[in-house]
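J.: Protein sequences appear in the order of chains X and L.
Per the numbering used here, the first sequence starts with residue 1117, numbered consecutively.
Per the numbering used here, the second sequence starts with residue 1117, numbered consecutively.
Backbone N, C-alpha and C define an ideal beta-carbon position, used for all residues, glycine too.
From a predicted model like this one, the values you see are computed outputs, not experimental measurements.
Before I ask anything, let me first share the structure, which is written out below as structure tokens.
There are 2 protein chains.
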Amino acid sequence: MQAAREQFFNYLAKKKLKFTTQRALIFDVFWQVEEHISPEELYGLVKKKDPSIGQATVYRTLKLLSDSKIAREVDFGDGVTRYEPYFGQSHHDHLICKECGKSVEVVDERIEKLQEKLAAKHGFILSGHSMYLYGHCKECSKK
Amino acid sequence: MQAAREQFFNYLAKKKLKFTTQRALIFDVFWQVEEHISPEELYGLVKKKDPSIGQATVYRTLKLLSDSKIAREVDFGDGVTRYEPYFGQSHHDHLICKECGKSVEVVDERIEKLQEKLAAKHGFILSGHSMYLYGHCKECSKK
DNA sequence: TTTAAAATGATATTGAAAATCAATATTCTA
DNA sequence: TAGAATATTGATTTTCAATATCATTTTAAA
Chain X
1117 MQAAREQFFN YLAKKKLKFT TQRALIFDVF WQVEEHISPE ELYGLVKKKD
1167 PSIGQATVYR TLKLLSDSKI AREVDFGDGV TRYEPYFGQS HHDHLICKEC
1217 GKSVEVVDER IEKLQEKLAA KHGFILSGHS MYLYGHCKEC SKK
Chain L
1117 MQAAREQFFN YLAKKKLKFT TQRALIFDVF WQVEEHISPE ELYGLVKKKD
1167 PSIGQATVYR TLKLLSDSKI AREVDFGDGV TRYEPYFGQS HHDHLICKEC
1217 GKSVEVVDER IEKLQEKLAA KHGFILSGHS MYLYGHCKEC SKK
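Structure representation (structure tokens):
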């Protein structure tokens, strides 16, 4: 079994929750996702494989995936929470084109370090952050 | 007239919009705000001064204040968009305690520079960013 | 097998935000 | 100034994502 699937299984076991066929299916479809997906979009994909699955189950399962660190919530500020496969992925933030909506995953270790120091300076222990860079991509700048 | 009020007035004039008494009142109440406020909270305050003002007008005016760079939208990820006085303020990001909800305004010029470079590295021209640092404040860490 | 706990899908509900719309108010123009 | 054009307002409805509820079914434990 893939590591991520196993992690999900273990997480559920630890919480005395069940690895149901619905959760397995939702996980499998989700795990194919490139970049990120909204609950509604995922629901659409999942329904193709099993039309009997309820929308609420998709929402609930995404929460579980998020709690178990298999998925990560991303919020591009357009009113929809999206999720992206996270387990096994290295940490990254997002760079989004305001014009065409394209998003790129980015990281800068120096920024990460500075964020921690910045928090510490104010007496905080940093546990996470969300950083979205907005701008115009090469293609859109040309126009 | 204060600079911010004037900026709002000029913005409206440029767009051929009117500086109505409602907009003036909403601006005035908003400008007293420390840190940030949600539309609903602001609506509550404004109603105390003029109970006839409609909720929609508060929402609309906040959008105008945001468009004119007098206010800035902030999103702490709890489903409510808040606004903070921005005109004349120096740029800053937010450090939020996950436990007590306290928020602190922070900046690090080095981070700002690195963000720009990071975007450039991917062919983007950076036009803005949103950065929220989450952690535990000194008081909450003690417990 | 019985009992308890968890999960599901359908449906209803919530809450923020936006859209609609009739009624006013303001500005422009002849 | 009268009248036309435009903008604004407040009330209300609508939208939409997300969550809550609940009866039913499934699964695990005793």
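Less than 7 Å between the C-beta atoms of residue 1240 of chain X and residue 1251 of chain L, yes or no?
T.: For residue 1240 of chain X and residue 1251 of chain L, yes; Cβs fall inside 7 Å.
J.: Measuring straight from C-alpha to C-alpha, what distance separates residue 1167 of chain X and residue 1158 of chain X?
T.: Going from the Cα of residue 1167 of chain X to the Cα of residue 1158 of chain X covers about 12 Å.
J.: In this structure, does DSSP put residue 1213 of chain L in helix, strand or coil?
T.: In the structure shown, residue 1213 of chain L sits in a strand (DSSP, three-state: E or B).
J.: Does the segment 1230-1237 of chain L come within contact of the segment 1190-1204 of chain L, defined as at least 3 CB pairs closer than 8 Å?
T.: No: fewer than three Cβ pairs fall under 8 Å.
J.: Between residue 1226 of chain X and chain L, is any beta-carbon pair separated by less than 7 Å?
T.: Cβ-Cβ to chain L under 7 Å: yes for residue 1226 of chain X.
J.: Report the three-state DSSP secondary structure of residue 1244 of chain X (helix, strand or coil).
T.: Residue state, collapsed to three classes: strand.
J.: Mapping DSSP to helix, strand and coil, what is residue 1202 of chain L?
T.: If DSSP states are grouped into helix, strand and coil, residue 1202 of chain L belongs with coil.
J.: So if I threshold CB-CB distances at 7 Å, which residues from the segment 1234-1247 of chain X count as touching chain L?
T.: Within the segment 1234-1247 of chain X, the qualifying residues are 1234, 1235, 1238, 1239, 1240, 1241, 1242, 1243, 1244, 1245, 1246, 1247.
J.: I'd like to know whether the C-beta of residue 1164 of chain X is nearer than 7 Å to at least one C-beta of chain L.
T.: By this cut-off, residue 1164 of chain X is not an interface position.
J.: Going by beta carbon distance, what residues of the same chain come within less than 6 Å of residue 1155 of chain L, once the five residues before and after it are set aside?
T.: So the list reads 1174, 1175, 1178, once near-sequence residues are dropped.
J.: Would you mind reading off the limits of the alpha helix (DSSP H) that contains residue 1219 of chain L?
T.: Segment 1219-1222 is the beta strand (DSSP E) holding residue 1219 of chain L; no alpha helix (DSSP H) there.
J.: Can you name the start and end residues of the beta strand (DSSP E) that residue 1190 of chain L belongs to?
T.: Per DSSP, residue 1190 of chain L belongs to the beta strand (DSSP E) from 1187-1191.
J.: Any residues in the segment 1194-1218 of chain L with a beta carbon nearer than 8 Å to a beta carbon of chain X? Which ones, in chain order?
T.: So the list reads 1211, 1213, 1214, given in the order they occur along the chain.
J.: With a threshold of 8 Å on Cβ separation, who are the neighbours of residue 1192 of chain L within its own chain once the five nearest residues in sequence on each side are excluded?
T.: The answer, listed in chain order, is 1198, 1210, 1212, 1219, 1248.
J.: Out of curiosity, what's the CA-to-CA distance linking residue 1130 of chain X and residue 1256 of chain X?
T.: If you take the alpha carbons of residue 1130 of chain X and residue 1256 of chain X, they lie about 48 Å apart.
J.: Taking only beta carbons into account, state which residues of the segment 1154-1180 of chain X come closer than 8 Å to chain L, listed in chain order.
T.: Within the segment 1154-1180 of chain X, no residue qualifies.
J.: Anything in chain L within Cβ reach of residue 1182 of chain X, meaning under 9 Å, just list it in chain order.
T.: None at all; the shortest Cβ gap to chain L is about 13 Å.
J.: What separation, rounded to the nearest whole angstrom, lies between the Cα atoms of residue 1133 of chain L and residue 1133 of chain X?
T.: Rounded to the nearest angstrom, the two C-alpha atoms are 57 Å apart.
J.: Kindly give me the distance between the Cβ atoms of residue 1222 of chain X and residue 1238 of chain L, rounded to whole angstroms, as I take these residues to be in contact under 8 Å.
T.: Their Cβ separation, rounded to whole angstroms, is 6 Å, which keeps residue 1222 of chain X and residue 1238 of chain L in contact under 8 Å.
J.: Report the CB separation of residue 1184 of chain X from residue 1124 of chain X in whole angstroms; it is logged as a contact under 8 Å.
T.: That belief holds up - the Cβ atoms of residue 1184 of chain X and residue 1124 of chain X are roughly 6 Å apart, short of 8 Å.
J.: Hey, is residue 1123 of chain L's beta-carbon within less than 7 Å of any beta-carbon in chain X?
T.: It does not; no Cβ of chain X falls within 7 Å.
J.: Which residue comes first and which comes last in the alpha helix (DSSP H) that contains residue 1151 of chain X?
T.: No alpha helix (DSSP H) contains residue 1151 of chain X, which DSSP labels as neither H nor E.
J.: In three-state terms, what does DSSP make of residue 1170 of chain X?
T.: The answer is coil: DSSP assigns residue 1170 of chain X none of H, G, I, E or B.
J.: Keeping to the same chain, check which residues put their C-beta closer than 6 Å to that of residue 1181 of chain L; ignore five residues upstream and five downstream.
T.: If we look at residue 1181 of chain L and ignore the five residues flanking it on each side, its Cβ neighbours are 1187.
J.: Just the C-alpha distance for residue 1246 of chain X and residue 1224 of chain L, rounded to the nearest angstrom, thanks.
T.: Taking the straight line joining both Cα atoms gives about 16 Å.
J.: Quick one: using the 10 Å Cβ neighbour count with 16 as the cut-off for buried, is residue 1120 of chain X buried or exposed?
T.: Flag for residue 1120 of chain X reads buried.
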